[in-house]
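Heads up, the thing below is written out as structure tokens.
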Amino acid sequence: MTTTNFEDIKRELEAKKKSLTTRLNKINRHLRQADGPLSADSQEQAQELENEEVLQALGTSGREEVKKISMALQRIEAGTYNECSECGDDIAERRLQALPYTHLCIECATEAEANSS
Ligand SMILES: [Zn+2]
0 MTTTNFEDIK
10 RELEAKKKSL
20 TTRLNKINRH
30 LRQADGPLSA
40 DSQEQAQELE
50 NEEVLQALGT
60 SGREEVKKIS
70 MALQRIEAGT
80 YNECSECGDD
90 IAERRLQALP
100 YTHLCIECAT
110 EAEANSS
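Residue numbers 0 to 116, in numbering that gives the first Met the number 0, belong to the letters of the sequence shown in order.
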């Protein structure tokens with residue numbers, strides 16, 4: 000049982016989530032604007048499509064990050080933030096500071112990595 004509460008990390012995650020959400024809203028607005036008819040010029044058309052693809056990719060990775068942040072915040076709320084979801088051991092605080100979205104202790108993460116490669 001640790002007495003650490005993760006107020007600092009929680010504040011950071013909440014701030015990050017907020018700025019990401021703002022950015023995602025902006026991207027969505029851009030994408031909606033780009034929904035109009037494409038330029039008649041085929042070179043410009045290619046550029047427009049490329050921009051849209053980049054924005055869509057940014058949107059996807061941003062949404063994934065928001066999801067990870069939400070999950071980390073839920074774990075903080077539930078008091079299981081520093082508990083490895085695999086083996087139940089404590090995750091080192093240094094590891095959480097470096098990788099605030101992780102839900103695995105270093106041993107399980109190393110093992111998962113070895114299995115995936
Ligand atoms: Zn573990």
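Positions of the beta carbon are idealized from the N, C-alpha and C atoms, including for glycine.
Predicted, not measured: the structure shown is a model, and the values here were computed from it.
**Prompt:** Can you find a heavy atom of ligand 3 that lies under 7 Å from the Cβ of Glu106?
**Reply:** For ligand 3, the structure offers nothing, since it holds only ligand 1.
**Message:** Between Glu85 and ligand 1, is there a pair consisting of the residue's CB and a ligand heavy atom that are separated by less than 7 Å?
**Reply:** Within the sequence shown, the letter at position 86 stands for residue 85. Short note on Glu85: C-beta closer than 7 Å to some heavy atom of ligand 1.
**Request:** Leaving out five residues on either side along the sequence, give the residues of the same chain with a beta carbon under 8 Å from the beta carbon of Leu48.
**Result:** Mapped onto the sequence shown, residue 48 falls at position 49. Contacts found: Leu37.
**Message:** For Ile204 and Phe5, I'd like the C-alpha separation in whole angstroms.
**Reply:** The requested residue 204 does not occur in the structure, where the chain is confined to residues 0 to 116.
**Request:** Could you work out which residue in Ser116, Asn81 and Gln96 is closest to Leu103 when comparing CA atoms only?
**Result:** Mapped onto the sequence shown, residue 103 falls at position 104. Nearest C-alpha to Leu103 among Ser116, Asn81 and Gln96: Asn81.
**When Asn50, Ile68, Ser60 and Glu43 are compared against Lys17, the one with the closest alpha-carbon** = As a working mapping, residue 17 is identified with position 18 in the sequence shown. For the options Asn50, Ile68, Ser60 and Glu43, the alpha carbon positioned closest to that of Lys17 is the one of Ile68.
**Request:** Take Ile75 and list the residues in its own chain whose beta-carbon comes closer than 6 Å to its own, dropping the five residues that flank it on each side.
**Result:** The residue labelled residue 75 in the question sits at position 76 within the sequence shown. Excluding residues within five positions, the ones whose Cβ falls inside 6 Å are Phe5 and Lys9.
**Request:** Return the Cβ separation of Leu19 and Gly78 in integer angstroms, given the expectation that the two are a contact with Cβ distance under 8 Å.
**Result:** Working through the sequence shown from its first residue, we reach residue 19 at position 20. Working through the sequence shown from its first residue, we reach residue 78 at position 79. So it is not a contact: roughly 25 Å between Cβ atoms.
**Item:** Cα-Cα separation between Cys107 and Glu85, rounded to whole angstroms
**Value:** Locating residue 107 in the sequence shown gives position 108, counting from the first residue. Locating residue 85 in the sequence shown gives position 86, counting from the first residue. Distance from the CA atom of Cys107 to the CA atom of Glu85, rounded to whole angstroms, is 7 Å.
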